[in-house]
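Number of protein chains: 2
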Amino acid sequence: MTVGILGCGEMGAGIGRALTAAGHTVLTVLEGRSPETTARAAEAGMTAADDLADLVARSAIVFSILPPSAAEAAGRELASVAGDARGLVFVEANAISPDLARTIAASFAGTVTVLDAGIIGMPPSGEARPRLYYSGPRCAVLEQLGSAAFDARYLGPEIGAASGMKMAYAAVTKGTNALLTAGFLLAEEMGLGDAYAAELSSSQPDMFKRADKNIARLPADAGRWVREMEEIRDTFAAHGLPGGFHDAAAEVMALLDASRFGNETRRTIDRTRTMRETVQAITSDRARPAERHTLRKAEG
Amino acid sequence: MTVGILGCGEMGAGIGRALTAAGHTVLTVLEGRSPETTARAAEAGMTAADDLADLVARSAIVFSILPPSAAEAAGRELASVAGDARGLVFVEANAISPDLARTIAASFAGTVTVLDAGIIGMPPSGEARPRLYYSGPRCAVLEQLGSAAFDARYLGPEIGAASGMKMAYAAVTKGTNALLTAGFLLAEEMGLGDAYAAELSSSQPDMFKRADKNIARLPADAGRWVREMEEIRDTFAAHGLPGGFHDAAAEVMALLDASRFGNETRRTIDRTRTMRETVQAITSDRARPAERHTLRKAEG
């Protein structure tokens, strides 16, 4: 089968790699993308389409797996290019609110089958596959295709359900990571970093391990996650629940993205840097913004 | 030694019990307190002082262990009653911001030794004792006394350090509990409760266990914790860090307190009620506020 994937980040390329390994042809659009993205697509065995129209014309199913801030424009552009194509399946698999998923779905002509989806878990690797929750019309093509790259789980006919699942999940996983980052930054700011780490590692070992494993790696993804946190906030608000957790999580992600580690990617992360070193450096930079600015310019 | 304790909640009475068991006389003020509080003080072997002046006149050291909303008034009243008493030690052990701890400390005459403290962990029980972090002047009386009831840990001379430790700790423990509650409420509102519980229990077992263990018990304490969440928010804000997490946590605590389970106490919690049942009932009540109001009146 020929599959189109909009987006060549770790997840898009990971799913692309698994599908090409299973014998499918996977198209993507690389025009204007960075050398890192182009290399990632090539490593994954993905094929460059001439442009979006070429990708749509050749694909039976198209996935949108982008940073959430790019989801709406990409969906609308695809809807415009696809027009009233018959038989095309579009899978809106971005980390966006159910409301935004419905808005994007509404921009497609009724001849395109639109599925709402939310991907949970790490990109496929070895035997491990992420879950792809989806909602909308039940889709045999997606389920058969999926077995190679993801575990498709159906959540019923309502567009928005799968996005809602992704939002509620990331709300507690990435939300907790942001909250732990804020806690450690606060303790460090107050000069209590050592005592705080000792207390948490002793009385809240699961929480400490989560912080210890994740905080140093967050800056690499934080820029992309600002908008995801805002989408989660909007999802809570749409249900009359507090949006403040993820307003704050967006602020923490923005702070990490603006930090001296914000230019890292998942491939270039300094994996020798500890959680405490990460928090201490960011705290120290926050205390001396002018000096930090000079440093970044000198490094850049 | 004669010890005064302002506050006879689970923690105040727990520390009172451990101190009386170690042979100390523990005074408290019971005027105007509920029958449940009076019973708890009696069970703990605590002695009723005539009034605050009597408690201060007879105690070598006085602990304030109250709901955070009562901390400031109690501290100021004690400062006024104590006047320039020589040798009295006052331990401000409430869950309040460092700024509020400094405000309360400043209301005492210089002849009273004021210690800032933050209690972390469950009330003493068997061999288990909470940690009592403290800051201000190093205090041998507190450290010797403590061994019977808590593990005293010194955080240096600065009033506010111990309160800051408590704030940063509760920020991530109670903050995560509030965030998990919000996540489960959101999933339930969206009709995804079963799928969400299945996904989290499989891919985030630590987080699921935390939710499963804690959410049903939160309503019993939630009313008291609204103010604690606000104190944490203020602590973040004072350090230029996002306050939204705990604004939202305060909203969640208020929602739980206003729920049909909000009248429970730690002793009257229905321990057969599951996390999912708790979340489902609250979601159902939120969907039908008028009916809920009628129900509560009929029950009350």
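Chain order of the listed sequences is A and B. Taking my numbering, the leading residue of the first sequence gets 1, the next gets one more, and so forth. Taking my numbering, the leading residue of the second sequence gets 1001, the next gets one more, and so forth. A virtual CB, placed ideally from N, CA and C, is assigned to each residue, including glycine. All values reported here derive from a predicted model rather than from experimental measurement.
**OP:** Compare the Cα-Cα distances from M11 of chain A to each of A:L30, A:L142, A:A149 and A:A105 and report the closest residue.
**Re:** A:A149
* **chain B within 8 Å of E277 of chain A, Cβ atoms only** => no
>> What would DSSP say about V1172 of chain B, mapped onto helix, strand or coil?
In response: helix
Give me the chain B residues within the contact set of E127 of chain A, using Cβ-Cβ distance strictly less than 7 Å, ordered along the chain. Residues of chain B passing the Cβ test: none, with the nearest at roughly 15 Å.
Check: At a CB-CB cut-off below 9 Å, which residues of chain A make contact with G1007 of chain B?
Finding: In chain order: nothing, as chain A lies at least about 22 Å away.
Between which two residues does the beta strand (DSSP E) carrying G1118 of chain B extend? T1113 to I1120
For Y5 of chain A: DSSP bridge partner residues: Note on identity: in this sequence residue 5 of chain A is Ile, with Tyr being the wrong assignment. According to DSSP, I5 of chain A bridges with A:F63.
Leaving out five residues on either side along the sequence, give the residues of the same chain with a beta carbon under 7 Å from the beta carbon of E1231 of chain B.
P1068, A1095, I1096, S1097, L1100 and M1167
Along the chain, which unbroken stretches of the alpha helix (DSSP H) at least 4 residues long are found entirely within the stretch 41-106 of chain A?
52-58, 68-82 and 98-106
Practice prompt. Could you work out which residues of chain B lie near T235 of chain A, taking near to mean beta carbons separated by less than 8 Å?
Written response: L1186
query: Any idea if E277 of chain A is buried or exposed, counting beta-carbon neighbours within 10 angstroms, 16 or more meaning buried?
result: exposed
- How many Å lie between V252 of chain A and A182 of chain A at the Cα? 7 Å
Meets three-Cβ-pair contact criterion under 8 Å: the stretch 188-200 of chain A and the stretch 1196-1204 of chain B:
no
Could you check how far apart the C-beta atoms of S1064 of chain B and A1093 of chain B are, in whole angstroms? I think they sit under 8 Å.
6 Å
>> As a quick exercise: from B:A1049, B:E1127, B:G1240 and B:Y1154, pick the residue whose alpha carbon is nearest that of A1140 of chain B.
In response: B:Y1154
Report task. Give a yes or no on whether the minimum CB-CB distance between V172 of chain A and chain B is below 8 Å. Result -> yes
### Task
Would you mind telling me which residues of chain A sit closer than 8 Å to A1195 of chain B, beta carbon to beta carbon, in chain order?
Y133, R153, L155 and M165
Practice item. Within 10 angstroms of the Cβ of G164 of chain A, are there 16 or more other Cβ atoms? Answer buried if so, exposed if not. Key: buried
Next item on the list: Could you tell me whether the Cβ atoms of L1115 of chain B and V1081 of chain B are closer together than 8 Å?
Entry: no
Q.
Quick check on this structure: which residue in A:E228, A:R210, A:T173 and A:V62 has the alpha carbon closest to the alpha carbon of L142 of chain A?
A. A:V62
- request: Could you tell me if D1194 of chain B is buried or exposed, where buried requires 16 or more neighbouring beta carbons within 10 angstroms of its beta carbon?
  value: exposed
Checklist entry - DSSP state of D1212 of chain B, grouped into three classes? => result helix
Range of the contiguous beta strand (DSSP E) that encloses T25 of chain A: T25 to T28
**Report entry** M190 of chain A classed as buried or exposed, judged by whether at least 16 other C-beta atoms fall within 10 angstroms
**Finding:** buried
task: Indicate whether at least one CB of chain B lies closer than 8 Å to the CB of V3 of chain A.
output: no
Using the three-state DSSP reduction, which class does D1151 of chain B fall into: helix, strand or coil? strand
If we call anything under 8 Å between Cβ atoms a contact, is V26 of chain A one with M46 of chain A?
-> yes
**Asked** Which of the residues in the stretch 256-272 of chain A, read from start to end, lie with their CB under 8 Å from any CB of chain B?
**Response** none
Taking 8 Å as the cut-off, does the stretch 239-259 of chain A touch the stretch 1229-1249 of chain B (at least 3 CB pairs, one atom from each stretch)?
yes
**OP:** For G223 of chain A, return the contacting residues in chain B, with the cut-off set at a CB-CB distance below 7 Å.
**Re:** By Cβ distance, chain B contributes nothing, its closest Cβ being about 17 Å from G223 of chain A, past 7 Å.
For R227 of chain A, count the other beta carbons within 10 Å of its own beta carbon; 16 or more makes it buried, fewer makes it exposed. Which is it? buried
**Message:** For a test of the three-state rule: what should DSSP assign to S1125 of chain B, helix, strand or coil?
**Reply:** strand
| message | What does DSSP give as the partner residue(s) for Y1133 of chain B in the beta ladder? | response | B:G1118 and B:R1153
With C-beta atoms as the reference, is L1192 of chain B less than 8 Å away from V1279 of chain B? no
*For the putative contact between L1078 of chain B and L1180 of chain B, defined by C-beta atoms under 8 Å, what is the C-beta separation to the nearest angstrom?*
Not a contact, Cβ separation roughly 37 Å.
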